[in-house]
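End of the sequence shown = 400 in this note's numbering, gap-free, step of one. From the three backbone atoms N, C-alpha and C, an ideal C-beta is built for every residue, glycine too. Model, not experiment: these values are computed from the prediction.
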Amino acid sequence: MKPTPLIRAAAALALALGLVGCGGDAGSGDDTYTIGLFTPLTGFAAGDGKSSRTAAKLGVDKLNADGGIGGKKLALKVYDDASKPDQAATLVRKMIQQDGVDVVVSGSYSAQTRAAAPIVARADKLMVVGYAVDPSITEAGESIWRVGELASIQGKVGGELVTKNLAAKRVAILQVDNDFGASLVAAFRPYVESKGAQVVYRTKYPLDEKDYRPILSAANKARPDVIYAPGYYNNGADILKQAKELGVTAQIVGVEGYDSPNLIELAGQAADGVIITTELNRDSESDVVQSFITDYEKASGGRPADAVAAEVYDAVIIAGKALDDAGGADTEKLVGALENLDDFSDTTTEITKFDAERNAIRPGLAQVVKNGEFQFYASFDDPAVIEAG
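Written as structure tokens, this is what we have:
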């Protein structure tokens, strides 16, 4: 059935009403390439969205300061997905069909990015994913690429940390009940078991949980050496405070969702000693990393950089690299440019290359909180750990 003019008008109105919070520089033109960033500027994850927006602008400013892209300037348009998959889908349609962006960058979580990916792929546009960890995202098409660490990799990094660095034999798992927690544990659990560790307790908790005492008490009774607790900084802060209240002595290991100054602010002294797998090495001697940390803090009014910011910054830098190497925004050439990328060090973590599923191969990292600061704990470069398969 062909849509009538009335139906088309209603659809257009529905699309317009579904949009929120666009902003940024001017759109594409003869002298400009435009990156469209979707990220949660409102809703429960607004903190991550604001980090993403600040980092993306830093990336654009850096590329422009270095001469732009083949003599053209790079512009940024920012769209608020409010952590809603349907809104992310609506926004990427708008940015491609109406706003004419040249490259899409995801500064959002897995559910939103998974909703956006097939739309971007069908439109034959390049999307570079920042921190969304779901492995299925890049399966949407050959134009979907990711700079952040896959959940299947970060889970193995966590497993290596727990069994090798911490020499744990008994492990409890407390996981947030969503895609993020499930995908991390799907890699972590078989890895630790393959190394001879025993999972002595496992449970899930809701994203908005506030009282972890019952599950912490149950886990503690199982006498674990380590409690692996994937979640976000708000979950992690409550887990750390309540574990301290209960006298839990097992080492708590978190994930990149903990990597935020909010964790330390909310948990206070209880944050000291927690070890997390993450992406940003604050102690790196790299000029790129230290410049990013300094510039981010200035741009954010004194707020320290976090892993989300680093990954979105890297996504923008990679998008700019692809545009430069391709000599324009032709998607086939952009894909070819990324396929040929090798040992790229202008990002906050060096990217060796992209694998066959278009995921960046980069070293794994663990940080520890000491005296109220994230500090280097360990790095991981064994291909069996940091590569898929």
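By the Cβ criterion, the region 203–217 is in contact with the region 178–189, since at least three pairs of Cβ atoms, one from each stretch, lie closer than 8 Å. Taking 4 residues as the shortest admissible run, the region 327–361 contains the following complete alpha helix (DSSP H) segments, listed from N- to C-terminal end: 342–350.
In this structure, Asp317 sits away from Thr359, with a CB-CB distance that is not shorter than 8 Å.
Between the C-alpha atoms of Ala254 and Val285 there is a straight-line separation of about 11 Å. Annotated three-state conformation of Val187 is strand, per DSSP. According to the DSSP secondary-structure assignment, Phe387 is paired through a beta bridge with Gln378.
With a 10 Å radius around the Cβ and a threshold of 16 neighbouring Cβ atoms, Thr342 comes out buried. For Ser117, DSSP records a beta bridge to Phe49 and Val140. Between Leu195 and Val266, the alpha-carbon positions lie close to 9 Å from each other. With a threshold of 16 other beta carbon atoms within 10 Å, Gly141 meets it and is buried.
Under the three-state reduction of DSSP output, Val210 falls in the strand class.
Per DSSP, Lys83 lies in no beta strand (DSSP E) and is assigned neither H nor E. The DSSP-derived three-state label of Arg181 is strand. In this structure, Ser62 is the residue among Ser62, Thr45 and Thr43 with its C-alpha nearest to the C-alpha of Leu52. For Tyr324, the three-state secondary structure derived from DSSP is helix. The DSSP assignment places 272–278 and 298–310 as complete runs of the alpha helix (DSSP H) inside the region 261–312, in order along the chain (cut-off: 4 residues). Boundaries of the beta strand (DSSP E) around Ile238: Val237 to Tyr239. Nearest in C-alpha terms to Gly170, of all of Ser228, Glu150, Gly207 and Pro272, is Gly207. DSSP, reduced to helix, strand and coil, places Asp72 within a helical segment of the structure shown. Remark: C-beta atoms of Val237 and Leu274 do not approach each other more closely than 8 Å. A residue is called buried once 16 or more other Cβ atoms fall within 10 Å of its Cβ, and Asn370 is buried on that count.
For Ile155, the enclosing beta strand (DSSP E) covers residues Ile155 to Arg157. Separation of Ala128 and Lys232 (C-alpha to C-alpha, rounded to the nearest whole angstrom) is 43 Å. Per DSSP, Leu161 lies in no alpha helix (DSSP H) and is assigned neither H nor E.
Spanning the alpha carbons of Gly331 and Leu74 requires a straight line of approximately 7 Å.
Take Tyr269, set aside five residues on each side of it, and the residues of its chain with a beta-carbon closer than 6 Å to its own are Tyr244, Gly247 and Ile287, in chain order. Boundaries of the alpha helix (DSSP H) harbouring Pro96: Pro96 to Gln108, taken from the DSSP string. In the three-state reduction of the DSSP assignment, Phe55 falls in the coil class. In this structure, the beta-carbon distance from Glu368 to Thr65 does not fall below 8 Å. Val115 sits close to Val103, with the two beta carbons spaced by under 8 Å. Per the Cβ contact rule, the region 44–60 is in contact with the region 94–110 (3 or more Cβ pairs under 8 Å). Secondary structure of Ala371 (DSSP, three-state): strand. When the beta-carbon positions are compared, Val182 and Gln165 stay at least 8 Å from each other.
Counting the other CB atoms within 10 Å of its CB gives Asn292 a total of 16 or more, which places it among the buried residues. Proximity of the region 277–284 to the region 340–355 falls short of the contact definition, fewer than three beta-carbon pairs being nearer than 8 Å.
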